[in-house]
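J.:
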Amino acid sequence: MKGAIAVGHKVLQDHAFVFCQMFMGWRMGDDLETLATLSDGQLCINVLEGSCHHSEAGCIQTRIAREIQAWFIDRLAKHKIQIEEIRTATLTVTMKNTISSKRKRGITFDWTCDGTITTVDREYKAHLAEPHTWLPMP
């Protein structure tokens, strides 16, 4: 039986890091306007469910949560890992939004992402932090 252990720990470790990378830039255009309206806090994405929860606003609809979910399910299938072998798969994003004082048009998102995947016998963690500037269209 080829499962999470047989595939190797490196694959799931890489997947936890890709969660962070996807949030930092992959197809975020549709969600930036929504994220700009949120107060500073934490976003918790349940990757297995494709759901997103903000610490102050509660449940919010985001495209990125569903994108990460679809990607992860596809990768599990490609590596022949049964989804039942995954206990949890989450992405936690600590966010701080700063409106530019010079132009007053742009918003700088200061994001710190922590991706986690847990199986029966192991936890895989990844961390990525960087600012991201968004200029809304007039």
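Count the sequence shown with the numbering used here and you get residues 883 to 1020, in order.
In this text, a Cβ means the ideal position worked out from N, Cα and C, and glycines have one as well.
Given the structure is predicted, the values throughout are model-derived calculations rather than measurements.
Rank Asp1003, Thr980, Ile942 by C-alpha distance to the C-alpha of Thr970 and give the top, closest one.
T.: Closest by alpha carbon: Asp1003.
J.: Thinking Leu973 and Val929 are a contact (beta carbons under 8 Å), I'd like their distance in whole angstroms, please.
T.: Going by Cβ atoms, the distance from Leu973 to Val929 rounds to 6 Å, so yes, they are a contact pair.
J.: Quick one: what's Cys926 bridged to in DSSP?
T.: Its beta-bridge partners are His935, Thr974.
J.: Taking only three categories from DSSP, how would you classify His961?
T.: DSSP places His961 in coil when its eight states are reduced to three.
J.: Inspect the CB distances between the stretch 893 to 901 and the stretch 946 to 965 and report whether three or more fall short of 8 Å.
T.: Verdict: yes, contact present.
J.: Count the other CB atoms within 10 Å of the CB of Ile965; is the residue buried (16 or more) or exposed (fewer)?
T.: Burial call: exposed.
J.: Just to check my reading of the structure: Ala1011 and Gly997 have Cβ atoms closer than 8 Å, yes? What is that Cβ distance to the nearest angstrom?
T.: That pair is no contact at about 12 Å.
J.: Look at the alpha carbon of Asn979 and the alpha carbon of Lys892, and state the distance between them as a whole number of angstroms.
T.: Taking the straight line from one Cα to the other gives about 33 Å.
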